[in-house]
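The opening residue of the sequence shown carries number 726 in our numbering; numbering runs sequentially from there. All residues carry an ideal CB built from backbone N, CA and C; glycine is no exception. Quantities reported herein were computed from a predicted structural model and do not represent experimental measurements. Okay, structure first, notes after.
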Amino acid sequence: MPEREDLERIIEAGLYAPSARGRQAAIVVAVTNKELRDKFAAINCKIGGWDPSFDPFYGAPAILVVLAEKAWANRVYDGSLVMGNMLLAAHSLGLGGIWIHRAKEEFEMAEYKALLKELGVEGEWEGIGHCAVGYIDGENPDPAERKAGRVFWAE
Numbered sequence: 726m727p728e729r730e731d732l733e734r735i736i737e738a739g740l741y742a743p744s745a746r747g748r749q750a751a752i753v754v755a756v757t758n759k760e761l762r763d764k765f766a767a768i769n770c771k772i773g774g775w776d777p778s779f780d781p782f783y784g785a786p787a788i789l790v791v792l793a794e795k796a797w798a799n800r801v802y803d804g805s806l807v808m809g810n811m812l813l814a815a816h817s818l819g820l821g822g823i824w825i826h827r828a829k830e831e832f833e834m835a836e837y838k839a840l841l842k843e844l845g846v847e848g849e850w851e852g853i854g855h856c857a858v859g860y861i862d863g864e865n866p867d868p869a870e871r872k873a874g875r876v877f878w879a880e
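Right, dumping it as structure tokens:
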């Protein structure tokens, strides 16, 4: 499990992400409880249609779930910026991070809406993504070569 201080730094980076009109409509649910983490993995697996033995979080022990106000038109964009900042922060701390989808489907379920209420989160929320965080197994892989021809200047 990454140190709590590192997770807090990752979350802080996410919360400093730009947001449309400065609304800051995204929140983070930090899941470090193994039983709850495994429950998220099981339902994520079911939604994805995978074998129940597959771990969609690739063994990462901490799951930082990003949600955004459902009524906010820019929720996906704002939540995506939170996710991006958290992934970059995890990397800067020497941790592995990966964006895992299906948070939207999870938080459409009554059980996960109830979880938010248990945590004191009021209102209607849409799941944006899971930032799975843990220690890298082995060396940090080299980035793939960047494709050429993806920038077009209009001068």
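Looking at C-beta atoms only, is the number of pairs between the segment 760 to 773 and the segment 813 to 832 that lie closer than 8 angstroms three or more?
-> By the Cβ rule, the segment 760 to 773 counts as touching the segment 813 to 832, because three or more pairs are nearer than 8 angstroms.
Are at least three pairs of beta-carbons, each pair with one atom in the segment 745 to 756 and one in the segment 816 to 825, less than 8 angstroms apart?
-> The segment 745 to 756 vs the segment 816 to 825: no contact.
For C856 versus L761, is the C-beta distance shorter than 9 angstroms?
-> For the purposes of this step, residue 856 is taken as residue 131 along the sequence shown, with counting starting at 1. For the purposes of this step, residue 761 is taken as residue 36 along the sequence shown, with counting starting at 1. Cβ distance not < 9 angstroms, so C856 and L761 don't count as in contact.
Check each candidate in R800, I861, E737 and name the one with the smallest Cα separation from F782.
-> As a working note, residue 782 is residue 57 in the sequence shown. From the listed residues R800, I861, E737, the smallest Cα separation to F782 is found for I861.
Euclidean distance between Cα positions of I676 and M834 | Any answer about residue 676 is impossible in this case: the structure gives the chain only from 726 up to 880.
Below 8 angstroms on the Cβ atoms is my guess for V791 versus G804; work out the distance and round it to an integer in Å.
-> The sequence position of residue 791 within the sequence shown is 66, counting from 1. The sequence position of residue 804 within the sequence shown is 79, counting from 1. Confirmed, Cβ separation roughly 5 angstroms.
So who's on the other strand from C856, going by DSSP bridges?
-> Your numbering for residue 856 matches position 131 in the sequence shown. Bridge partners of C856: L789, W824.
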